[in-house]
Amino acid sequence: MSITIYHVSGTRSMRVIWLCYELDIPCKLETIDFAKKFRASPGWRAKSPTGKVPAMDDGALTMFESGAMVQYLLDRYGKGQLQPEPGTPAGALYLQWCWFAEATFARPLGDIAQHTLVREEKDRIQAVVADGQQRSRTCLEAIEAAVQDSHYLLERFTAADIMMGYSLMLAEKFGLITEDLPATEAYFARLKDRQGYQYAVSV
Ligand SMILES: N[C@@H](CCC(=O)N[C@@H](CS)C(=O)NCC(=O)O)C(=O)O
1 MSITIYHVSG TRSMRVIWLC YELDIPCKLE TIDFAKKFRA SPGWRAKSPT GKVPAMDDGA
61 LTMFESGAMV QYLLDRYGKG QLQPEPGTPA GALYLQWCWF AEATFARPLG DIAQHTLVRE
121 EKDRIQAVVA DGQQRSRTCL EAIEAAVQDS HYLLERFTAA DIMMGYSLML AEKFGLITED
181 LPATEAYFAR LKDRQGYQYA VSV
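Going by the UniProt record's numbering, 22 is the number at position 22 of the sequence shown; the sequence numbering is gapless.
So this is what it looks like as structure tokens:
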């Protein structure tokens, strides 16, 4: 195994770094330049065709999409840890939460990010932010219900919590994890307590 994670602090690369930490998978971190110019360069586009972060190499394999990296690493090196048996009801719910974290929850969060941080002020649309906040709230309510009586999304800590951890990090940054979501607050506090989370946000 020869894993390199192309990383920018505070981005989705933290999911992959966190997973490697939890599973004790050796990996090299290469911090890249997040500037648009670098991400548009042919060298970076060869790894990540849309210019986004992260990307990862494992030997001759190069891939993009943080969730796909997490799943690949689990399947190849995870020895059955941090995911339920595929094809079982628990495995289905595991997939549900992994996809929800990126495909459903991270979308409105991305809209908020675009229209508060990323775009130039003249190109920001307040209505998109308000809509993103509302859609994020619906997602947070789904999480609130899911962790009402359990420590994690499933019966035990899995990579679905790693996928969700990044999305919750963004939600917290935008002030969306409010006191009226006590189970979510407690769940996210449990995630933040993990050494793997702390390492992934420190690099
Ligand atoms: N679904 C992709 C999303 C990648 C993504 O949006 N990455 C952000 C950083 S966390 C990015 O590169 N944003 C810059 C841009 O969209 O131009 C993944 O999970 O890897």
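Ideal Cβ positions, reconstructed from N, Cα and C, are used throughout, including at glycine.
Going by DSSP, Leu29 is part of the beta strand (DSSP E) stretching over 27-31. Judged by DSSP in its simplified three-state form, His7 adopts strand.
Distance from Ile112 to Gln126 at the Cβ level is roughly 11 Å; contact not present, criterion being Cβ atoms closer than 8 Å. In the structure shown, Thr184 falls within a helical segment according to DSSP collapsed to helix, strand and coil. Under the 8 Å Cβ criterion, the region 140-157 counts as touching the region 170-188, having at least three qualifying pairs.
Per DSSP, reduced to three states, the secondary structure at Asp57 is strand. A residue is called buried once 16 or more other Cβ atoms fall within 10 Å of its Cβ, and Asp58 is buried on that count.
For Phe174, the closest of Pro86, Leu154, Met1, Leu117 by C-alpha to C-alpha distance is Leu117. Fewer than three beta-carbon pairs drawn from the region 19-27 and the region 99-111 are found closer than 8 Å, and the two stretches are therefore not classed as touching.
Apart from sequence neighbours up to five positions away, the residues of its chain that approach Phe34 with a beta-carbon distance below 6 Å are Val8, ordered along the chain.
In the assembly as shown, Gln83 is a buried residue. Its beta-carbon has 16 or more other beta-carbons within 10 Å. Under the DSSP assignment, Gly91 falls in the alpha helix (DSSP H) whose first and last residues are 89-99. For Met63, the beta-bridge partners assigned by DSSP are Met56.
Of all C-beta pairs linking the region 34-43 to the region 57-76, fewer than three are shorter than 8 Å, placing the two stretches out of contact.
Sorted by position in the chain, Thr11, Arg12, Lys52, Val53, Glu65, Ser66 make up the residues whose C-beta lies under 5 Å from a heavy atom of ligand 1.
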